[in-house]
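K.L.:
Structure in structure tokens, see below.
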Amino acid sequence: MRRTRLLIAALAVPLIGGAVVLPSASAQPAALSGPTTEFTVLASGEQSVAAAEQAVRAAGGTVVRTNTAVGLITATAPANGFVQRVSADDAVYGAAKATAIGQAPTGKVAPKRSDVEKEGRQAPKSSGATTGATGTDPLDDQLWGLKSVRSDMSRTVQPGDKRVKVGIIDTGVDGTHPDIAPNFDRGASRNFTRDIPTDPTGAVVDGPCEFRGCVDPADHDDNGHGTHVAGTIAAAADGFGISGVAPNVTLVNLRAGQDSGFFFLQPVVDAITYAGDAGVDVVNMSFYVDPWLYNCASNPADSAEQQLEQRTITEAMTRAMNYAYRKGVTEVAALGNQHTDLGAPQPDTTSPDYPASSTHPRTIDNATCLSLPVEGPHTIGVSAFGPSGAKADYSNYGLEQISVSAPGGYFRDGFGTDWYRTNENMILSAYPRNVGVAEGTIDADGNVTPDGAAAGVQKAVTKDGRAAYYQFLQGTSMATPHASGVAALIVSEYGRASRGGITMSPDAVQRIIEGTAAPIACPVPATVDYLDEGRDDSYTATCQGSPSFNGFYGHGAVDAYAAVTRGAAYLRG
Numbered sequence: 001m002r003r004t005r006l007l008i009a010a011l012a013v014p015l016i017g018g019a020v021v022l023p024s025a026s027a028q029p030a031a032l033s034g035p036t037t038e039f040t041v042l043a044s045g046e047q048s049v050a051a052a053e054q055a056v057r058a059a060g061g062t063v064v065r066t067n068t069a070v071g072l073i074t075a076t077a078p079a080n081g082f083v084q085r086v087s088a089d090d091a092v093y094g095a096a097k098a099t100a101i102g103q104a105p106t107g108k109v110a111p112k113r114s115d116v117e118k119e120g121r122q123a124p125k126s127s128g129a130t131t132g133a134t135g136t137d138p139l140d141d142q143l144w145g146l147k148s149v150r151s152d153m154s155r156t157v158q159p160g161d162k163r164v165k166v167g168i169i170d171t172g173v174d175g176t177h178p179d180i181a182p183n184f185d186r187g188a189s190r191n192f193t194r195d196i197p198t199d200p201t202g203a204v205v206d207g208p209c210e211f212r213g214c215v216d217p218a219d220h221d222d223n224g225h226g227t228h229v230a231g232t233i234a235a236a237a238d239g240f241g242i243s244g245v246a247p248n249v250t251l252v253n254l255r256a257g258q259d260s261g262f263f264f265l266q267p268v269v270d271a272i273t274y275a276g277d278a279g280v281d282v283v284n285m286s287f288y289v290d291p292w293l294y295n296c297a298s299n300p301a302d303s304a305e306q307q308l309e310q311r312t313i314t315e316a317m318t319r320a321m322n323y324a325y326r327k328g329v330t331e332v333a334a335l336g337n338q339h340t341d342l343g344a345p346q347p348d349t350t351s352p353d354y355p356a357s358s359t360h361p362r363t364i365d366n367a368t369c370l371s372l373p374v375e376g377p378h379t380i381g382v383s384a385f386g387p388s389g390a391k392a393d394y395s396n397y398g399l400e401q402i403s404v405s406a407p408g409g410y411f412r413d414g415f416g417t418d419w420y421r422t423n424e425n426m427i428l429s430a431y432p433r434n435v436g437v438a439e440g441t442i443d444a445d446g447n448v449t450p451d452g453a454a455a456g457v458q459k460a461v462t463k464d465g466r467a468a469y470y471q472f473l474q475g476t477s478m479a480t481p482h483a484s485g486v487a488a489l490i491v492s493e494y495g496r497a498s499r500g501g502i503t504m505s506p507d508a509v510q511r512i513i514e515g516t517a518a519p520i521a522c523p524v525p526a527t528v529d530y531l532d533e534g535r536d537d538s539y540t541a542t543c544q545g546s547p548s549f550n551g552f553y554g555h556g557a558v559d560a561y562a563a564v565t566r567g568a569a570y571l572r573g
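Mapped onto the working numbering, the consecutive letters of the sequence shown carry residue numbers 1 to 573.
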């Protein structure tokens with residue numbers, strides 16, 4: 001079931017894949033007294049993993065599992081003093097409680113997806129709203145983003161190759177959705193998480209477990225975020241429902257997010273390294289690292305243990321992303337929805353958001369603090385714009401972090417027109433029925449409720465009577481899959497056959513996606529406020545840079561047609 005928060009200090013994940021191994025049965029030293037907590041422990045390097053496991057035992061902990069690709073160990077131990085004890089060993093880089101390290105990008109104040117992504121869900125549909133693409137599927141005329149990236153044209157040249165795999169690192173993918181199922185690889189999909197019903201205080205996290213062992217199947221999504229992302233990338237172009245940017249590539253669910261929308265370090269790292277081992281070509285990462293909005297190496301406002309935790313998260317994510325890159329995985333990440341310049345971050349007043357009582361204000365040093373994964377190595381960072389082409393008010397920006405921009409939806413776009421504040425300004429994509437029932441937009445009989453109709457929820461029925469549902473969302477989470485879809489088309493068009501699949505250098509993919517993007521100049525004047533749209537001055541943003549590269553749009557808007565027709569010119573660096 002879909003939840004809103006995750007407040008938990010420990011998580012054990014039983015599923016393994018790629019380079020993840022379980023420890024052998026061996027004698028462990030007696031555990032110290034006190035409550036047991038789960039930790040992640042990062043080895044100093046590849047040669048010190050075994051020594052780091054021994055350090056865990058010597059510190060009174062028990063090794064649960066290890067990702068040998070990056071040296072990340074999951075361990076249980078008494079909470080009091082374990083981090084300090086184990087980190088004192090030279091074989092250990094650092095350690096942290098296994099708290100949530102990520103969630104789908106949200107608003108700056110309230111850490112809930114719905115604050116930004118479902119902003120317009122109670123607005124009536126407008127008959128005057130501008131929609132776009134005329135495509136092969138019945139609902140494609142509502143997909144203005146599809147036309148914006150010219151996927152309606154690119155598919156006549158390159159619709160995508162089934163051998164190209166796109167990994168959805170998210171809350172799960174509903175592999176039974178009629179628009180997802182034709183392109184969904186259930187065999188390659190993995191769920192690296194375990195549902196958490198409540199936290200140690202009894203507060204609801206994911207709610208009651210629906211499946212044995214609290215482990216959802218690898219074709220299940222109790223949140224809806226991951227399914228929406230997957231539909232934008234590769235909903236099938238089959239004359240039904242909607243079609244995706246790359247409607248013939250293969251979707252792989254690499255679930256690393258809880259039902260509640262948070263992401264934990266070990267599942268995220270496991271998903272990224274598994275992508276490399278499983279021959280995934282592109283991964284879509286529409287989440288950000290938590291409990292820290294920025295992971296800082298040595299912020300004086302943080303305790304020594306908090307500083308070590310952030311350094312550990314940063315190092316583990318960096319290793320995982322480098323590992324996937326070396327394996328040929330193109331990594332595409334959302335810039336975030338905090339409406340801030342990531343190159344000049346404002347003071348952080350929301351971290352750490354676990355536990356809630358520990359939040360404290362911090363001045364952020366751009367040189368030593370990172371927003372992850374978008375500021376990790378080898379990422380294509382994506383900002384969001386609306387139907388008019390204007391930067392969405394919520395979208396982060398910045399010269400240092402941005403690569404390209406893409407349609408992410410902008411509910412408040414079109415001020416002064418009849419399509420201002422309408423659902424159609426957002427992005428329509430696949431919606432799991434179980435999530436709609438939980439949210440009250442779909443009733444028990446499968447009908448769209450009045451609340452669902454007001455939110456723009458739509459239903460389509462296949463020839464054999466199967467129902468499919470669709471919802472509008474907005475966010476850099478919705479922009480990123482447009483870019484991931486274009487990346488998948490690039491691999492389809494220019495990649496080379498390898499071991500039954502297709503492979504392509506991530507650097508070449510990035511050169512093509514950036515080189516063929518449609519440049520968008522900064523607005524005039526370059527400083528934009530959103531006061532008419534009802535936003536306060538914290539949303540005011542200044543675009544820096546040239547028409548060919550700037551902080552709002554990067555190298556420009558991703559262009560699927562240009563990528564598959566003119567990309568060869570960028571194959572060599």
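All residues carry an ideal CB built from backbone N, CA and C; glycine is no exception.
Which first and last residues belong to the alpha helix (DSSP H) in which phenylalanine 240 is found?
P.N.:
Taken as a continuous stretch (DSSP letters only), phenylalanine 240 belongs to no alpha helix (DSSP H), as it is neither H nor E.
K.L.:
Look up phenylalanine 39 in the DSSP assignment and say whether it is helix, strand or coil.
P.N.:
strand
K.L.:
With DSSP run on the structure shown, which of helix, strand or coil describes aspartate 221?
P.N.:
strand
K.L.:
My parser needs the alpha helix (DSSP H) runs of 4 or more residues fully inside the stretch 422–486; what are they?
P.N.:
433–439, 450–454
K.L.:
Looking only at its chain, what residues have a beta carbon closer than 6 Å to the beta carbon of serine 44, apart from the 5 residues adjacent to it on each side?
P.N.:
Ala91, Tyr93, listed in sequence order.
K.L.:
Answer with buried or exposed for phenylalanine 262, where buried requires no fewer than 16 other C-beta atoms within 10 angstroms of its C-beta.
P.N.:
buried
K.L.:
What separation, rounded to the nearest whole angstrom, lies between the Cα atoms of alanine 25 and threonine 62?
P.N.:
Residue confidence is low: alanine 25 scores 38 on pLDDT, short of 50, so the model does not pin down where it sits. Its coordinate-derived value is still stated next. Near 11 Å, if we compare the C-alpha coordinates of threonine 62 and alanine 25.
K.L.:
Span of the beta strand (DSSP E) holding serine 505?
P.N.:
Here serine 505 belongs to no beta strand (DSSP E), and DSSP marks it neither H nor E.
K.L.:
Measure the C-alpha to C-alpha separation of proline 35 and valine 332 and round it to an integer number of angstroms.
P.N.:
39 Å
K.L.:
Is there contact here, the stretch 326–341 with the stretch 282–300, by at least three beta-carbon pairs under 8 Å?
P.N.:
yes
K.L.:
In this structure, what does DSSP give as the bridge partners for arginine 496?
P.N.:
Thr503
K.L.:
Tell me which residue opens and which closes the alpha helix (DSSP H) that threonine 273 is part of.
P.N.:
265–277
K.L.:
Return the chain-ordered list of same chain residues with a C-beta closer than 6 Å to the C-beta of proline 481, the five sequence neighbours on each side being excluded.
P.N.:
Val229, Thr232, Ile233, Asn284
K.L.:
Quick check on the burial criterion: 16 or more other C-beta atoms within 10 angstroms. Buried or exposed for proline 29?
P.N.:
Any reading at proline 29 is ruled out, since the residue's pLDDT is 40, under 50, leaving its predicted position unreliable.
K.L.:
Determine which residues share a DSSP beta bridge with methionine 153 and list them.
P.N.:
Beta bridge pairing from DSSP links methionine 153 with no other residue.
K.L.:
Report the residue from Val56, Arg57, Gly239 whose alpha carbon sits nearest the alpha carbon of threonine 462.
P.N.:
Gly239
K.L.:
Valine 524: buried (16+ other C-beta within 10 angstroms of its C-beta) or exposed?
P.N.:
exposed
K.L.:
Decide if threonine 273 is buried, meaning its Cβ has at least 16 other Cβ atoms within 10 Å, or exposed.
P.N.:
buried
K.L.:
Would isoleucine 380 and leucine 254 be called neighbours here (beta carbons separated by less than 8 Å)?
P.N.:
no
K.L.:
Could you give the DSSP three-state label for asparagine 337: helix, strand or coil?
P.N.:
coil
K.L.:
Could you check the C-alpha separation between arginine 155 and tyrosine 325 for me, to the nearest Å?
P.N.:
27 Å
K.L.:
Which residue wins for smallest C-alpha separation from alanine 577, given the options Asn434, Arg499, Ala278?
P.N.:
Past the edges of the chain, shown from 1 to 573, lies residue 577, and the structure says nothing about it.
K.L.:
Does the beta-carbon distance from arginine 85 to alanine 59 come in below 8 Å?
P.N.:
yes
K.L.:
Where does the unbroken beta strand (DSSP E) through lysine 327 begin, and where does it stop?
P.N.:
Looking at the DSSP string, lysine 327 is not in any beta strand (DSSP E), and its letter there is neither H nor E.
K.L.:
At what residues does the alpha helix (DSSP H) containing alanine 615 begin and finish?
P.N.:
Past the boundaries of the shown model lies residue 615; the chain is included only from 1 to 573, so the question cannot be answered.
K.L.:
Suppose contacts are defined by Cβ-Cβ distances below 8 Å. Is aspartate 413 in contact with arginine 150 by that definition?
P.N.:
no
K.L.:
Alanine 483 and valine 404 look like a contact to me (Cβ under 8 Å); what is the Cβ gap, rounded to whole Å?
P.N.:
6 Å
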